[in-house]
Amino acid sequence: MDILACPVSDCRSQLRLEVFASHNLESDSEDIEEIDEALITCPKCGRWYPVIDGIACMLPDNLRLDGKQRIEETKFLERWKERISSNIIERGIPFSLTSKD
Ligand SMILES: [Zn+2]
Numbered sequence: 036m037d038i039l040a041c042p043v044s045d046c047r048s049q050l051r052l053e054v055f056a057s058h059n060l061e062s063d064s065e066d067i068e069e070i071d072e073a074l075i076t077c078p079k080c081g082r083w084y085p086v087i088d089g090i091a092c093m094l095p096d097n098l099r100l101d102g103k104q105r106i107e108e109t110k111f112l113e114r115w116k117e118r119i120s121s122n123i124i125e126r127g128i129p130f131s132l133t134s135k136d
């Protein structure tokens with residue numbers, strides 16, 4: 036997976052990737068690691084983005100704060116909370132496990 040830059044228009048920082056679950060693809064020529072679940076963080080603006088079932092969810096804040104996406108991403112935080120830094124669990128941007136709204 037190629038991770039480019041933070042999608043926030045006034046940020047565009049290089050992102051960090053922390054892999055929680057992956058599997059190797061069988062291939063004749065090389066071993067390819069496919070990421071299943073990972074956390075992407077932006078060191079500049081402080082946002083986090085999940086990789087869920089191999090898909091990096093890098094949506095604008097307003098699309099993450101409601102509905103199905105919020106539920107999916109909250110489940111992701113629950114699933115990996117032992118491995119995610121408390122900064123994100125408690126004060127993550129755009130939301131955290133302890134956000135009230
Ligand atoms: Zn950023």
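In terms of the working numbering, the sequence shown opens at residue 36 and continues consecutively.
Here a beta-carbon is modelled for each residue, glycine too, at the ideal position from N, C-alpha and C.
Note that this is a predicted model, so its numbers are computed, not measured.
Is any heavy atom in ligand 1 found nearer than 7 Å to the beta carbon of residue 77?
yes
Mind checking residue 76: buried by the 16 CB within 10 Å criterion, or exposed?
Label assigned to residue 76: buried.
Simplified DSSP state of residue 121, which is helix, strand or coil
Helix, per DSSP.
Between which two residues does the alpha helix (DSSP H) holding residue 111 run?
102-115
Identity of the residue in 80, 125 and 68 nearest residue 48 by Cα
80
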